[in-house]
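Taken in order, these protein sequences are the chains called D and U.
Read in the working numbering, the first sequence has 89 at position 89, and its numbers run on one by one without any break.
Position in the second sequence (first residue = 1) + 277 = the working numbering.
C-beta: ideal position from N, C-alpha, C; glycine also.
Predicted model only: the values in this text are computed from it and were never measured.
Reviewing the structure listed below.
There are 2 protein chains.
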Amino acid sequence: MAAQSTIWVNGKRDSSLALPDRGLNYGDGLFETLLLNAGHIFYLEHHLERLQRGMQVLGLSHNLDDLTLQLRDAARAVQHIPWGALRLTLTRGAGPRGYRPPEQGTCQAIIESSELQRDGDSPANPVALGIAELRLGNQPVLAGLKHLNRLEQVLAAAQVASAGYEEGIVLDGDDNIVSVVSGNIFALQGNHIETPALLRCGVAGTRRAILISRWARAIGLEVIEKTMNLRDLERADEVFYTNALVGVRSVAAIADKKYPRCTVAQRLFEAYRADRS
Amino acid sequence: MAAQSTIWVNGKRDSSLALPDRGLNYGDGLFETLLLNAGHIFYLEHHLERLQRGMQVLGLSHNLDDLTLQLRDAARAVQHIPWGALRLTLTRGAGPRGYRPPEQGTCQAIIESSELQRDGDSPANPVALGIAELRLGNQPVLAGLKHLNRLEQVLAAAQVASAGYEEGIVLDGDDNIVSVVSGNIFALQGNHIETPALLRCGVAGTRRAILISRWARAIGLEVIEKTMNLRDLERADEVFYTNALVGVRSVAAIADKKYPRCTVAQRLFEAYRADRS
């Protein structure tokens with residue numbers, strides 16, 4: 001059974017969203033998933049930074065200080081949860097029928113808490129990855145953003161799960177690697193790390209950015225952003241992925257190919273744990 | 278001021294959606310926009326057919342007879358409106374955190390009525406089209422479906438509007454024509470009609486299908502589905518578009534290029550009016 005979640009709409013405890021809402025009607029909005037530990041939110045500023053980039057592209061305007069307060073209040077309200085997640089959803093709110101956004105909209109902010117079953121101080125167990133059949137479409141205007149149009153990820157997650165995997169790799173239409181369904185992927189190649197460049201699709205994770213700028217440097221490794229395919233992963237010494245909830249997670253296998261090593265992923269997890277505290 | 282809309286959730290008058298909902302969180306759902314005249318829904322079976330195709334691809338299950346009843350009840354409740362629209366939104370409903378769809382979900386059906394200001398028995402005035410800057414991404418798995426991931430259309434509509442146009446053409450990443458933002462586009466080339474094939478992106482409109490199978494035949498013209506670019510539109514004798522609310526609408530201009538003729542569009546509108554009654 002999943003733990004009960006608590007929901008706030010525009011800062012008030014609520015369990016429903018006023019209709020019509022363009023977030024529901026068109027996926028016209030953004031979201032963030034934030035890691036919580038006993039009332040503390042990790043890397044809040046990185047999440048707000050990405051949110052702000054998305055708001056600029058979508059033309060959404062909302063007071064970020066107000067959002068920050070709402071997030072901190074929500075975190076405080078569930079501080080009895082040792083490890084949890086807050087999902088912040090920001091929509092364009094109501095509007096008349098049709099795709100065209102209203103000139104003066106009122107954004108709606110929905111925050112939902114959930115409890116995590118695992119201890120965020122320990123690395124998640126190494127995972128075997130499948131490969132999703134669905135190829136992500138290219139949309140450079142939205143690439144990198146965490147917007148509400150996530151049907152591709154939903155279908156990819158369903159494919160990976162029905163093949164018996166907990167997580168899986170997603171490719172683009174040219175069979176280049178984008179990411180895993182719920183995170184960003186990295187490969188250790190000799191004495192450097194490689195990760196897909198995400199110029200045309202995919203979500204640029206907060207932890208991806210911090211791994212590149214801080215955790216990898218902390219252990220003396222450089223990260224190169226490039227076009228990558230499955231052959232690049234086959235010849236990798238180690239594979240791992242990042243997201244807000246696991247930090248850094250080692251990959252034990254991709255389909256039939258095994259990766260017995262996880263030394264660098266472990267050192268990166270340690271760098272992550274040291275960095276965030 | 279837009280006329281007040283009425284909203285039903287799962288057949289009951291309501292103004293809010295229970296949270297969490299995957300339709301909001303991921304755009305995990307579908308929608309249809311149905312034309313109403315004094316309580317009558319036009320081409321309901323075509324809308325339900327497309328909805329069913331989408332439900333199959335997304336793996337949604339819901340009783341269609343029940344949806345039909347909800348739509349008919351809603352139409353009856355607003356039969357005092359001469360011309361209106363019903364938007365049906367079907368979402369996967371609640372689920373635990375994460376992209377992976379729950380095995381047993383309960384779909385949510387939201388119906389929203391709105392009043393149209395124009396008389397659906399007369400053709401809409403010929404329209405000047407802009408050209409959206411944004412290029413649609415290719416996603417063959419979702420091509421043709423009317424799913425809730427519509428940020429591309431929202432951004433394209435905003436671009437077209439800010440350039441001073443009411444409607445506009447959208448292209449794909451190879452600069453091929455997909456459609457207009459809110460409808461499907463057609464070009465008269467001598468003695469036949471051409472329309473984009475929609476194999477990789479775009480929405481396959483109900484009226485597009487009926488124009489091809491019935492209205493064009495009624496006036497003795499064949500429709501060819503093909504790859505089309507802006508040069509194909511430049512050499513066209515007439516251009517028009519279809520959607521559920523306008524039926525067939527003549528295009529007077531695309532950017533600087535004028536189309537003085539609208540004879541075929543008028544005849545198609547007449548065929549549409551005769552067909553639906």
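beta-carbon residue i near the ligand COA non-hydrogen atom, thresh 6 Å
i        : result
Val180/D : In the structure on display, the ligand COA does not appear, and there are no ligands present to speak of.
7 Å Cβ cutoff, residue i in contact with chain D
i        : result
Glu389/U : yes
Met278/U : Note that Met278/U has pLDDT 38, beneath the 50 cutoff, so the model's placement of it is unreliable and no number is given.
Asn314/U : no
Ala438/U : yes
Ile318/U : no
Gly421/U : no
Ile358/U : no
Val418/U : yes
Arg330/U : no
Pro473/U : no
Gln333/U : no
Pro379/U : no
Arg374/U : yes
Gln281/U : no
Gln466/U : no
Gln430/U : yes
Ile284/U : yes
Rounded distance between the beta-carbons of residue j and residue i, thought under 8 Å
i        : j        : result
Pro101/D : Ala435/U : 5 Å
Val455/U : Leu413/U : 5 Å
Arg330/U : Leu422/U : 7 Å
Glu167/D : Val127/D : 5 Å
Tyr320/U : Thr483/U : 6 Å
Leu365/U : Glu309/U : 5 Å
Asp396/U : Arg550/U : Between Arg550/U and Asp396/U the Cβ distance is about 11 Å, and since that is not below 8 Å, they are no contact.
Leu488/U : Val525/U : 7 Å
Val154/D : Tyr376/U : 5 Å
Leu17/D  : Leu411/U : Between Leu411/U and Leu17/D the Cβ distance is about 27 Å, and since that is not below 8 Å, they are no contact.
Asn10/D  : Gln108/D : 6 Å
His304/U : Asn426/U : Looking at the sequence provided, one finds Gly at residue 304/U rather than His. Yes, they are in contact, since the Cβ atoms of Gly304/U and Asn426/U sit about 4 Å apart, within 8 Å.
Met505/U : Asn453/U : 6 Å
Under 7 Å between C-beta atoms of residue i and residue j
i        : j        : result
Ile111/D : Ala74/D  : yes
Ala271/D : Ile219/D : yes
Glu515/U : Arg538/U : yes
Thr91/D  : Gly29/D  : yes
Gln189/D : Ala236/D : yes
Tyr536/U : Gly460/U : no
Lys226/D : Ala197/D : yes
Arg477/U : Ala420/U : yes
Gly361/U : Gly370/U : no
Val170/D : Ala187/D : no
Ala223/D : Ile193/D : Looking at the sequence provided, one finds Val at residue 223/D rather than Ala. Yes, these two residues count as a Cβ contact at 7 Å.
Chain U contact for residue i (CB, 7 Å cutoff)
i        : result
Ser16/D  : yes
Asn149/D : yes
Arg276/D : no
Asn94/D  : Correcting the residue identity first, residue 94/D is Ala in this sequence and not Asn. Output row for Ala94/D: interface = no.
Gly327/D : No answer is possible for residue 327/D: the residues shown for chain D start at 1 and end at 277.
Gly27/D  : yes
Tyr259/D : no
Tyr241/D : no
Leu19/D  : yes
Ile193/D : no
Is there contact between the segment 430-447 of chain U and the segment 33-47 of chain D, where contact requires at least three CB pairs shorter than 8 Å?
Note that the segment 430-447 of chain U does not touch the segment 33-47 of chain D; fewer than 3 beta-carbon pairs, one per stretch, sit closer than 8 Å.
Could you say if the segment 296-308 of chain U and the segment 342-349 of chain U meet the contact criterion of at least three C-beta pairs nearer than 8 Å?
They do not touch, by the three-pair rule.
Chain-ordered residues of the segment 387-415 of chain U with a beta carbon less than 7 Å from chain D
So the close ones are Ile387, Glu389, Ser391, Leu411, Gly414, Asn415.
Chain U contacts from the segment 155-186 of chain D (Cβ-Cβ distance under 7 Å):
Within the segment 155-186 of chain D, the qualifying residues are Leu155, Ala157, Ala158, Ala161, Gly173, Val181, Ser182.
Residues of the segment 68-79 of chain D whose Cβ lies closer than 8 Å to any Cβ of chain U, in chain order:
When CB distances to chain U are screened at a threshold of 8 Å, not a single residue of the segment 68-79 of chain D falls below it.
Between the segment 475-498 of chain U and chain D, which residues of the former have a C-beta closer than 8 Å to a C-beta of the latter?
If the cut-off is 8 Å between Cβ atoms, the segment 475-498 of chain U has Cys478 near chain D.
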